[in-house]
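J.: Per the numbering used here, the sequence shown starts with residue 314, numbered consecutively.
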Amino acid sequence: MIFEEAKISGRKPGLATHPDPVPTPWGRGRSSAAAARCGAPPRAMAGRLLRVLRVAEPRTALLPPGPSSRHRCGKAGAEEDEATELLAMGFSQAQARRLRLLQPGLEPPRRVEAAAQLLLLGLSAEAALGLLERSPRLLRMATAQLKERAGYLRRLGLEGGRAGSAAGRCPEVFTLPRRRMEAVVRLLRERCLFTAEQLAELLRSCPEVLLEDSACLHAQYAYFRMGVRQKEMVKARLFRTPFAELRNRHIFLERRGLYRTPHKGQSQSGNPALRDVLRPTESDFVAGIARASPEEYEVFKRLLAREEVEMEDEEEDEEEEEGSAALHAEGDRDSHSTEPSQAAPCPPPPQ
Numbered sequence: 314m315i316f317e318e319a320k321i322s323g324r325k326p327g328l329a330t331h332p333d334p335v336p337t338p339w340g341r342g343r344s345s346a347a348a349a350r351c352g353a354p355p356r357a358m359a360g361r362l363l364r365v366l367r368v369a370e371p372r373t374a375l376l377p378p379g380p381s382s383r384h385r386c387g388k389a390g391a392e393e394d395e396a397t398e399l400l401a402m403g404f405s406q407a408q409a410r411r412l413r414l415l416q417p418g419l420e421p422p423r424r425v426e427a428a429a430q431l432l433l434l435g436l437s438a439e440a441a442l443g444l445l446e447r448s449p450r451l452l453r454m455a456t457a458q459l460k461e462r463a464g465y466l467r468r469l470g471l472e473g474g475r476a477g478s479a480a481g482r483c484p485e486v487f488t489l490p491r492r493r494m495e496a497v498v499r500l501l502r503e504r505c506l507f508t509a510e511q512l513a514e515l516l517r518s519c520p521e522v523l524l525e526d527s528a529c530l531h532a533q534y535a536y537f538r539m540g541v542r543q544k545e546m547v548k549a550r551l552f553r554t555p556f557a558e559l560r561n562r563h564i565f566l567e568r569r570g571l572y573r574t575p576h577k578g579q580s581q582s583g584n585p586a587l588r589d590v591l592r593p594t595e596s597d598f599v600a601g602i603a604r605a606s607p608e609e610y611e612v613f614k615r616l617l618a619r620e621e622v623e624m625e626d627e628e629e630d631e632e633e634e635e636g637s638a639a640l641h642a643e644g645d646r647d648s649h650s651t652e653p654s655q656a657a658p659c660p661p662p663p664q
């Protein structure tokens, strides 16, 4: 009987029979081992990340009951799935281990989704990991909120290296309220007249401007008092310098005759460039640009601070005088309106 079956099947008796190879995407009739040796076609990073972001169905519902080493379930299975997904996204074994140690009590999918959004923004695996280590509260953000913020940053031009630089200097760009960010961006575009490209470069080099309320004050002072254009402000990284330091250096040069105040909205080519005024350290600025001694600059700063205090006191006195004068005038009007009018004389009685 065995020989009859062998004749029909064309196989030699006594040899173990194997099922026919299953067709694979790499060629009909190849086994999975052969396909593995040939290597699967490379997948794009975007495709991997999009698969990670899909809502996966619970796998435990598909596993049959019973103990088995192949069936992964519980916390260990979730951690193993997380490690596999992180490796597929481009993280190394060491990087995936560091990421999994962040917020141990957090659900693994939250870490995977946060890392995926940062990678989609253009950050490298190491940059994304470093950002999450410096600002672990990003892991606690809702996935929809993190996704929305990443999309908004892309619309502002913060992608790739720009996004990594901005997030590295100021992780708050992900957690700052959206309305506040929009208000600062609108201020810089409409009142300070920065172009979209200048704004993107400005946010890359000085993302802290989104946290400050004096952004417009910086730009207006540099434009009207110093005659500096928006392009030069971006190159000089104006918003990295505190406003008080900007004003001190400018007025010091001005009083020493090394900086001329231009007409409104005009620039002076003879003045030192803004980056040469702001970039050097204080000692280099005093010696190289102002050509003065450190003692002179210290005395100047103390005198300028005293002038500001005196001006504030004078303004307060003027406001008090104006307020008291207004109260006296109002009191005089009230007294005139309430003063009784002189009564008309009574007619003489009839005789």
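Glycine included, C-beta positions come from ideal geometry on N, C-alpha and C.
Give me, in chain order, the residues of the same chain whose beta-carbon lies closer than 8 Å to that of Leu400; leave out the 5 immediate sequence neighbours on both sides.
T.: Here the set comprises Gln406, Ala409.
J.: My assumption, with CB atoms under 8 Å, is that Ala457 sits in contact with Leu434. Please give the rounded CB distance.
T.: With a Cβ gap of about 15 Å, Ala457 and Leu434 do not count as contacting.
J.: Go to Phe565, then tell me how far its alpha helix (DSSP H) extends in each direction, as first and last residue.
T.: First-last of the alpha helix (DSSP H) with Phe565: 556-568.
J.: For Thr397, does the three-state DSSP call read helix, strand or coil?
T.: Three-state result, Thr397: helix.
J.: For Ala528, is the classification buried or exposed, using 16 other Cβ atoms within 10 angstroms of its Cβ as the cut-off for buried?
T.: Its Cβ being crowded by 16 or more others within 10 Å, Ala528 is buried.
J.: Is DSSP giving Met454 helix, strand or coil here?
T.: In the structure shown, Met454 sits in coil (DSSP, three-state: anything other than H, G, I, E or B).
J.: Pull up the distance between the alpha-carbon of Leu516 and that of Ser478, whole angstroms please.
T.: If you take the alpha carbons of Leu516 and Ser478, they lie about 9 Å apart.
J.: Pick helix, strand or coil for Phe507, following the three-state DSSP scheme.
T.: Phe507 falls in the coil class under three-state DSSP.
J.: Where does Leu591 land, buried or exposed, given buried means 16+ other C-beta within 10 angstroms?
T.: Under this definition Leu591 is a buried residue.
J.: Going by DSSP in three states, Arg592 sits in which element: helix, strand or coil?
T.: It is coil, neither helix nor strand.
J.: Whole angstroms are fine: how far does the CA of Ala441 sit from the CA of Leu431?
T.: Near 6 Å, if we compare the C-alpha coordinates of Ala441 and Leu431.
J.: Looking at chain D, is there any beta carbon in it that lies within less than 9 Å of the beta carbon of Leu524?
T.: You won't find chain D in this structure, because it holds only one protein chain.
J.: Suppose the cutoff is 8 Å on Cβ atoms and the five residues either side in sequence are ignored; what does the same chain contact list for Gln543 look like?
T.: Closer than 8 Å at the Cβ level, and outside the excluded window around Gln543, lie Cys505, Leu506, Phe507, Thr508, Gln511, Ala532, Tyr536.
J.: Skipping 5 residues on each side, what residues in its chain have a beta carbon closer than 8 Å to that of Glu495?
T.: The answer is none, since no qualifying residue turns up.
J.: Classify His576 as helix, strand or coil using the three-state DSSP reduction.
T.: His576: coil per DSSP, three-state reduction.
J.: So, Arg550 versus Arg588, is the Cβ gap smaller than 9 Å?
T.: In contact: Arg550 and Arg588 (Cβ atoms closer than 9 Å).
J.: What's the C-alpha gap between Ala427 and Glu608?
T.: Between Ala427 and Glu608, the C-alpha separation is close to 52 Å.
J.: In its own chain, which residues sit with a C-beta less than 6 Å from the C-beta of Glu521, not counting the 5 before and 5 after it?
T.: Only Cys483 meet the Cβ criterion.
J.: Where Thr554 and Leu452 are concerned, what is the direct C-alpha to C-alpha distance, given to the nearest angstrom?
T.: Thr554 and Leu452: Cα-Cα distance of roughly 31 Å.
J.: For Glu625, is the classification buried or exposed, using 16 other Cβ atoms within 10 angstroms of its Cβ as the cut-off for buried?
T.: By the neighbour-count rule (16 or more Cβ atoms within 10 Å), Glu625 is not buried but exposed.
J.: Let me check understanding here. Comparing Cα to Cα, which of Thr488, Leu530, Ala476 lies closest to Leu501?
T.: Here the closest residue by C-alpha is Leu530.
J.: Rounded to whole angstroms, what is the Cα-Cα separation between Leu412 and Val497?
T.: Using only the alpha carbons, I get a separation of about 33 Å.
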